[in-house]
Amino acid sequence: MSTIALPTTTSAAPSPAPPGRLAALRTWVLQRGVLFVLLTTPMLALFGGFLLRYTTLPVSTLLVFGSFALLPLWISYRRSVSRDPDEPVHHIHLYLKWAVLPYVTFSVVRILPFYLFGINYWGVWYNFGAQLTGERPGTLPALLAGMAMYTIQGIALNTSFFVLFRRHSLLNALLYIGVWFSSLFNFVFPVYSLAGDKLTPTWYAIDIVAHFAMALTAWSMPGLWEGILPRLRFPAQAGVLAGAAVLVILPYGFGIDRAVQWQFAAQAAVERAAIAQVTIGTEAGPVRVTVGGNQARYEFGLQVAHRTYLNTNGLERDVGVGPVQVTGQIISSGRPVAWCYGYAGPLPSPNKVADPRSFATALAEDVRVTVPVVCYGLANSSQSAQQVVVEWTAQAALAGDRTQQVRDFRGQELVALDRAGPGR
Amino acid sequence: MTLVQDGPPVHADSRGVAAQPRRQLLFDWVVKRGVLLVLVTAPLDSLFLGVLRITPPRMGYLYLLLASIALPAFVAWRRARSTDPDEPAQHFHRYALYSLVPVAMFSLVRIPALSLTRFVFWMPWYGFGVGATGQPPGTIGSLLPGAMLYLLQGWSLGMVYYVLFKRQTLLNAMLLYTGFISSLYSFIFPVFIMVGLPATPVFHLTNYWAHTAMGLTAWFMPRFWQRTWPRLARPVRAGVIAGLALVFAAPFTYVLATANLWQFGAQAHIEATAFDRVQASLSGGPAVSVERGQAEYAYVLVLGPRAYRNYGGAYRAIDATGVQVRGQLSRGQQVIAWCAGDVDALPSVRTVRDPERFFAALWSVNYTRVSVRCAGPAAGIGPGQVINVSWTAQLLLQGERSTDQRTLTGEQPARLTAGTPASMAPVPVNPDQ
């Protein structure tokens, strides 16, 4: 290991008088506090930009970019001046190595529940990636970007355990990672993220088990890397290292494989089915007519409905609808008396609402969305008519995460006229 | 550049013996300087991944994200393993602090360029900020992240000198900064980054001058801290620290102040003038087709001009969204058809990242055609007749700093031509919306 001798000019023996609380706090801040803050910038970015949404995820990630320069500077500086061999900065390269297997274990143990309960662990990676890079959710670029986020969060979380605690005991690991972090994430993710997810007790149970597995792995790391591994002979050592490498690759490889081989096609099929279910129909009620001068203006609405579906990550989503372009006619006594036009850009959708409560409200509000249609004709054309035929054609662009389609809708309906205004 | 050698001296008496130390030298260089160089240049590499269009801009920053863990891990590992006191990892904190001054100097010497030549040196900062965060350009929201990324890139460039060269001489500094980096910058920026802004001799001169100042500062830093600093008395040291803090803060403070006091107001004024120039006009005569007692018409309304030059002299185009055209066709006092046309957004040049393609794209969107369709009774309508076309176009004009809801009205006589509306461009239905 280290071949650079620590400065020996000052003895590491304890001072004759115990240091004051302030001095102890100062020492703690210098030795562990600053390092802890710099190491946990990925977690701060996650909380500030993704979960609590004080700002956007790309902006909060600037904290991590800042630590890119500050963290190695601090490590290098403290290694130059520190006389305490227990100071984490002397072992940080080991801690970073130890942090790898625990965070991959967190995902590996969730592979089996994917098959048992259909709950995938990489679904949230799409959200990380989509928010960080602006790529469409449910696509490979969003997944890869999300993996990068997950990686640095995992390393940061587990390294923080080794930095924060001088004694890397089982109790500390279980309390910090197993209890504290699983409680925090079991509260924060459902309340502030995972919009559209209907979380079951199974989800919570899997999350707790995964955190405890991560805690156990974190606790076992010093023993494995510094105790067991150096004592093994070459073939066994190579075998353990190969096993560790497989473990590291597994959650990423499995996630990508399932996404490419199963999820993308399944998602496209789900979206095609959802797009086929979308309906556009005439809104109930009469057509309103107002007459001004020699022109008559007719108004009615088309209702867009049945947009909600459940995606392959188990999240409720709406089919994105828009633009919608409507053309049509008002027909009275077999001849057109007015010509209709309606247009709507992208209709309101809850899909980009990140807050679960606001998402539920938006989803309920967007169950039926009305596209207004206005028709114009000459005032004398339908003067005596009580009922008219409304004939319309709508062309709408419909989109899911992976599927886009332009669909034509048509309608013809006998509707009562509601006369208002000067011509009444 | 000098390669660091820890092992036994190289013997060139036989090929086999010489080849191994050479490999060893290369291995040593890679471990001690090469890997550190690759990691420490992550801010620049991330930028280049986006600029060279290898990845989308925000995807490029994933490299910086991963390097933020890899760099400290590598520095800590080398500090624990290395027995070579010359290895850059042993001096990382010093080099990291040294590198803060050259990056500040790079901008400090460009401050006079604004008043002398109206060269706005911080304009790329907005691009950096937009590229990494997606915040709107021309705002504090993109300026602050951009300034931070610029600082990281400049810091990284400073670190290159200290990591790459064992002998931090003036010649090496000049070769790196004045020779290599300036030339690279003079090539990369006009070809890949400066969208809508032709690179003038002033740009190139400023670039060489500023990089030379950066190189001189990078060269001077170790000399100052190792030779001059220890000889200074305490009050002088305090003065020096204050001076360096001032040098570091000056360009960023200047940019923030100038952006607030001058740039934002100037840009808003430019945009208001550009908004006023946007007009709607008829292109040719409406086409008419009569079928089953109905007449259908189509005509094209042209919206523009939208091109303008911003506060820094860069060409941009006003964006327009929510374009809604309504109108009538009339013959004498009689309305013969009612018209409508909608477009969610006119084509924009904001997404054009290639300077070579920018001007062609700009001129293609400067005047944009919007299709309008009309329908009405057929009675007595046919090609060749002169009718009156009236329209009202509502649209939201958007610049970098301001938006304005506009209503453009117009009326123009036009001769009907034969044709079917279907033969003209339909109102686009864009599935990407």
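Protein sequence lines correspond, in order, to chains A and B. Just so we're aligned, residue 4 is where the first sequence starts under this note's numbering, counting upward by one. Just so we're aligned, residue 734 is where the second sequence starts under this note's numbering, counting upward by one. C-beta: ideal position from N, C-alpha, C; glycine also.
Every unbroken alpha helix (DSSP H) within the region 996-1057 of chain B, with a cutoff of 4 residues, ordered by chain: 997-1010
8 Å CB neighbourhood of Thr1006(B) in its chain, flanking five on each side removed: Numbered from its first residue, the second sequence carries residue 1006(B) at position 273. So the list reads Tyr1041, once near-sequence residues are dropped.
Nearest residue (CA-CA) to Thr1101(B), options His1002(B), Ala1053(B), Asp1087(B), Gly1132(B): Position 368 of the second sequence, counted from the start, is the residue given in the question as residue 1101(B). Taking only the C-alpha atoms, the option nearest Thr1101(B) is Ala1053(B).
Residue burial classification, Tyr57(A) (beta-carbon count within 10 angstroms, cutoff 16): By one-based count along the first sequence, residue 57(A) stands at place 54. With fewer than 16 other Cβ atoms within 10 Å, it is exposed.
6 Å CB neighbourhood of Ala159(A) in its chain, flanking five on each side removed: Walking along the first sequence from the start, residue 159(A) turns up at place 156. Same-chain partners within the cutoff: Leu42, Thr43, Pro45, Met46.
Interface residues of the region 65-96 of chain A facing chain B [CB-CB below 8 Å]: Leu65, Val67, Phe68, Gly69, Ser70, Phe71, Ala72, Leu74, Pro75, Leu76, Trp77, Ile78, Ser79, Tyr80, Arg82, Ser83, Val92, His93, Ile95, His96
Residue burial classification, Asp761(B) (beta-carbon count within 10 angstroms, cutoff 16): In the second sequence, residue 761(B) corresponds to position 28, counting from 1. That one is buried.
Counted within 10 angstroms of its Cβ, other Cβ atoms place Asp200(A) as buried (16 or more) or exposed: Residue mapping note: residue 200(A) aligns to position 197 of the first sequence, counting from 1. Asp200(A) is buried by the Cβ-count criterion.
Alpha carbon of Asn316(A) to alpha carbon of Ser335(A), nearest angstrom: Translated into the one-based positions of the first sequence, residue 316(A) becomes position 313. Translated into the one-based positions of the first sequence, residue 335(A) becomes position 332. Straight-line Cα distance between these residues: approximately 50 Å.
Glu286(A) in three-state terms, based on DSSP: On the first sequence, position 283 is the one that residue 286(A) refers to. In this structure, Glu286(A) counts as coil in the three-state DSSP scheme.
Closest Cα partner of Leu1062(B) within the set Tyr1032(B), Tyr941(B), Phe925(B), Arg900(B): Here residue 1062(B) refers to the residue found at position 329 of the second sequence. Ranking Tyr1032(B), Tyr941(B), Phe925(B), Arg900(B) by Cα distance to Leu1062(B) puts Tyr1032(B) first.
Chain B contact for Ile283(A) (CB, 8 Å cutoff): What you label residue 283(A) is simply residue 280 of the first sequence in a count that begins at 1. Judged by the 8 Å Cβ criterion, Ile283(A) is not in contact with chain B.
Proximal residues to Phe997(B) (C-beta, below 7 Å), its chain only, five neighbours per side dropped: The residue you call residue 997(B) lines up with position 264 of the second sequence. Arg1134, listed in sequence order.
Reduced DSSP category for Ser1081(B) - H, G, I as helix; E, B as strand; rest coil: The sequence position of residue 1081(B) within the second sequence is 348, counting from 1. Coil, per DSSP.
Segment contact flag, the region 942-953 of chain B with the region 900-914 of chain B, C-beta cutoff 8 Å, min 3 pairs: These segments touch.
C-beta atoms of Trp395(A) and Gly348(A) nearer than 8 Å: Along the first sequence, read from residue 1 onward, the residue named residue 395(A) stands at position 392. Along the first sequence, read from residue 1 onward, the residue named residue 348(A) stands at position 345. Against a cut-off of 8 Å, the Cβ pair of Gly348(A) and Trp395(A) comes out as no contact.
Complete runs of the beta strand (DSSP E) confined to the region 769-809 of chain B [at least 3 residues]: Every candidate beta strand (DSSP E) stretch fails here, since none sits fully inside the region 769-809 of chain B while reaching 3 residues.
Proximity winner among Gly1018(B), Gly976(B), Leu877(B), relative to Gly1117(B) (alpha-carbon distances): Stepping through the second sequence from its first residue, residue 1117(B) is reached at position 384. The candidate whose alpha carbon is nearest that of Gly1117(B) is Gly1018(B).
Chain B residues whose Cβ lies nearer than 9 Å to that of Gly246(A): As a working note, residue 246(A) is residue 243 in the first sequence. In chain order: nothing, as chain B lies at least about 22 Å away.
Any chain A beta carbon closer than 8 Å to Asp1052(B): Here residue 1052(B) refers to the residue found at position 319 when the second sequence is read from its first residue. Asp1052(B) does not count as touching chain A.
8 Å Cβ shell around Val973(B) - same chain, five flanking residues per side excluded: The residue given as residue 973(B) occupies position 240 in the second sequence. So the qualifying residues of the chain are Trp962, Leu965.
Which of helix, strand or coil DSSP assigns to Trp128(A): Here the question's residue 128(A) lines up with position 125 in the first sequence. Helix at Trp128(A).
Whether Pro254(A) touches Leu135(A) by CB criterion (8 Å): Reading the first sequence from its first residue, position 251 is the one you call residue 254(A). Reading the first sequence from its first residue, position 132 is the one you call residue 135(A). No, these two residues do not count as a Cβ contact at 8 Å.
Nearest neighbour of Arg338(A), chosen from Val764(B), Gly860(B), Gly1026(B) [CA to CA]: The residue labelled residue 338(A) in the question sits at position 335 within the first sequence. That would be Gly1026(B), whose Cα lies nearest to the Cα of Arg338(A).
Asp1077(B): contacting residues in chain A (beta-carbon distance under 7 Å): What you label residue 1077(B) is simply residue 344 of the second sequence in a count that begins at 1. By Cβ distance, chain A contributes Pro326, Gly348.
Nonlocal neighbours in the same chain, by C-beta distance under 7 Å from Ala213(A), ignoring five residues either side: On the first sequence, position 210 is the one that residue 213(A) refers to. Excluding positions up to five away in sequence, the list reads Phe109, Val112, Arg113.
Given Ser342(A) as reference, the closest of Ala299(A), Leu173(A), Val37(A) once Cα atoms are compared: Sequence index remark: in the first sequence, residue 342(A) carries index 339 (1-based). In the sequence as displayed, the identity of residue 342(A) is Trp instead of Ser. Among Ala299(A), Leu173(A), Val37(A), the Cα nearest to that of Trp342(A) is on Ala299(A).
Against chain A: residues of the region 790-808 of chain B by CB proximity under 7 Å: Arg791, Met792, Leu795, Leu797, Leu798, Leu799, Ala800, Ser801, Ile802, Leu804, Pro805, Ala806, Val808
8 Å Cβ cutoff, Gly860(B) in contact with chain A: Working through the second sequence from its first residue, we reach residue 860(B) at position 127. No, because no Cβ of chain A sits closer than 8 Å to the Cβ of Gly860(B).
Helix, strand or coil at Ser70(A) according to DSSP, with G and I counted as helix: Taking the first sequence and counting its residues from 1, the one referred to as residue 70(A) is at position 67. Note: Ser70(A) maps to helix in three-state DSSP.
Alpha-carbon spacing of Ala15(A) relative to Ala26(A), whole angstroms: Taking the first sequence and counting its residues from 1, one reaches residue 15(A) at position 12. Taking the first sequence and counting its residues from 1, one reaches residue 26(A) at position 23. In this predicted model, Ala15(A) has a pLDDT of only 45, less than 50, meaning its place in the structure is not dependable; the value taken from the coordinates is given anyway. Cα to Cα, Ala15(A) sits roughly 16 Å from Ala26(A).
Distance, Tyr379(A) Cα to Ala1070(B) Cα: Taking the first residue of the second sequence as position 1, residue 1070(B) is located at position 337. Taking the first residue of the first sequence as position 1, residue 379(A) is located at position 376. Taking the straight line from one Cα to the other gives about 8 Å.
Same chain, Cβ closer than 8 Å to Thr77(A), five either side skipped, listed in chain order: For the purposes of this step, residue 77(A) is taken as residue 74 along the first sequence, with counting starting at 1. The question names Thr, yet the displayed sequence has Trp at residue 77(A). Cβ within range, chain order: Val37, Leu38, Leu41, Val92.
Interface residues of the region 27-52 of chain A facing chain B [CB-CB below 7 Å]: Of all residues in the region 27-52 of chain A, none comes within less than 7 Å of chain B when Cβ atoms are compared.
Close-in-space but distant-in-sequence residues of the same chain around Arg1039(B) (CB under 6 Å, 5 per side omitted): Within the second sequence, residue 1039(B) is the residue found at index 306, counting from 1. Cβ within range, chain order: Ala1050, Ile1051, Asn1099.
Residues bridged to Ser110(A) (per DSSP): Walking along the first sequence from the start, residue 110(A) turns up at place 107. In the DSSP output, where bridge partners are listed per residue, Ser110(A) has none listed.
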